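Numbering (full-length UniProt numbering), first residue to last: 1 to 233.
We put the CB at the ideal spot given by N, CA and C, even for glycine.
Since the structure is predicted, the reported quantities are computational estimates derived from the model, not experimental observations.
Okay, so here's the structure we're looking at.
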Amino acid sequence: MENNKRMIFSNQGHSLRLRQTEPEDAPTLLGAYQDESFIRLYHSNNIPLTQEQLANRLAEQDPVELGFVEFMIEHKKYGAIGVAVLGDYSPVHKRAEYLIGLFEEKHRSRGYGTEASLLVLDLAFNIYHLHKIYTYVYDYNKLSQKNTLKFGFKQEGILEEHHYLVQEKRFVNLYVNGMTEARFRNNEKIRRYSLRLLGRDVTQAYEVIELSSDNQLPNEMGKNFLEGWLAQH
């Protein structure tokens with residue numbers, strides 16, 4: 001990740017918007033972290049924080065420095081419905097871990113997870129130019145693993161008894177799933193999903209538009225760009 005001022009930390013779909021979390025999100029996130037049914041699927045053994053501690057953490061977060069960016073998933077009607085993360089970023093290997101969780105069960109079967117994942121993958125491969133993203137899924141979260149593979153990730157292995165559940169005092173396996181850039185670019189299902197849910201094909205790398213000699217977009221190109229931009233806002 002390059003200089004923070006040059007990075008994009010938001011994205012927009014038909015129903016959802018991603019944006020970087022901020023201190024004002026502390027009450028929402030705290031409520032989610034204290035919900036055992038959510039945190040058990042999202043990030044078990046999460047370290048408890050007060051609302052003030054969480055707000056301070058959000059105020060100090062620097063994605064470029066930390067190699068970690070957290071997104072609030074906002075629905076145009078329901079507001080904040082979940083959170084997504086790209087973390088453990090490695091500039092050498094150009095990879096990051098992907099994590100997503102929807103706060104309420106009623107939102108987990110309506111395609112919002114798919115749309116949010118498309119927005120994150122769009123940023124990961126087309127804006128941040130990652131080579132690979134990967135995800136870990138608890139072995140008891142069968143639905144998440146099924147949806148991860150259905151979306152286009154490839155199961156790369158199982159880490160046996162790799163994670164200890166403190167509350168339940170037992171070890172669980174982790175599924176390891178990966179998505180390389182080549183797999184992303186050639187995934188017909190992701191292409192169809194993105195056209196339907198985002199209105200654009202995110203599997204295609206963004207074209208670099210060269211400016212004319214007077215540093216203006218050519219007239220016809222400028223007109224098409226403006227019309228496309230207005231259609232999305």
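(message) What would DSSP say about residue 238, mapped onto helix, strand or coil?
(response) Absent from the model: residue 238. The displayed extent of the chain is 1 to 233, so no value can be given.
(request) Using alpha carbons as the reference points, say which of Arg40, Gly79, Ile127 lies closest to lysine 94. (result) Closest option to lysine 94, Cα to Cα, is Ile127.
(request) Could you give the DSSP three-state label for glycine 101: helix, strand or coil? (result) strand
(message) Within 8 angstroms, do at least three Cβ pairs link the region 119-134 to the region 82-96?
(response) yes
(message) Runs of 3 residues minimum, wholly inside the UniProt domain "N-acetyltransferase" (16-170): which ones carry the beta strand (DSSP E) assignment?
(response) Qualifying beta strand (DSSP E) stretches, in chain order: 16-20, 69-75, 79-90, 95-102, 132-138, 154-165.
(message) Between methionine 179 and chain B, is any beta-carbon pair separated by less than 8 angstroms?
(response) Protein chain content of the structure displayed is limited to a single chain, and chain B is not contained in it.
(request) Identify the continuous alpha helix (DSSP H) that holds arginine 196 and give its terminal residues. (result) 188-197
(request) In the DSSP assignment, find the unbroken alpha helix (DSSP H) run with arginine 185 in it and report its ends. (result) 181-185
(request) List the endpoints of the continuous beta strand (DSSP E) containing glutamine 204. (result) Counting along the chain, glutamine 204 falls outside any beta strand (DSSP E), and DSSP gives it neither H nor E.
(request) Assign tryptophan 16 to one of two classes, buried (16 or more other C-beta atoms within 10 Å of its C-beta) or exposed (fewer than that). (result) Per the sequence presented here, residue 16 reads as leucine, with tryptophan not at that position. It is buried - the Cβ of leucine 16 has at least 16 other Cβ atoms within 10 Å.
(request) Assign glycine 178 to one of three DSSP states: helix, strand, or coil. (result) strand
(request) Given a cut-off of 8 angstroms, decide if glutamine 51 and alanine 80 are closer than it, judged by their beta-carbon atoms. (result) no
(message) Beta-carbon within less than 8 angstroms of threonine 203's beta-carbon, same chain only, minus the 5 sequence neighbours each way: which residues are those?
(response) Phe184, Arg185, Asn186, Asn187, Ile190, Arg191, Ser194
(request) Return the CA-CA distance between glutamate 70 and valine 83, expressed in angstroms with no decimal places. (result) 7 angstroms
(request) Look at the Cβ atom of arginine 19, then the Cβ atom of glutamate 74, and state whether they are nearer than 8 angstroms. (result) yes
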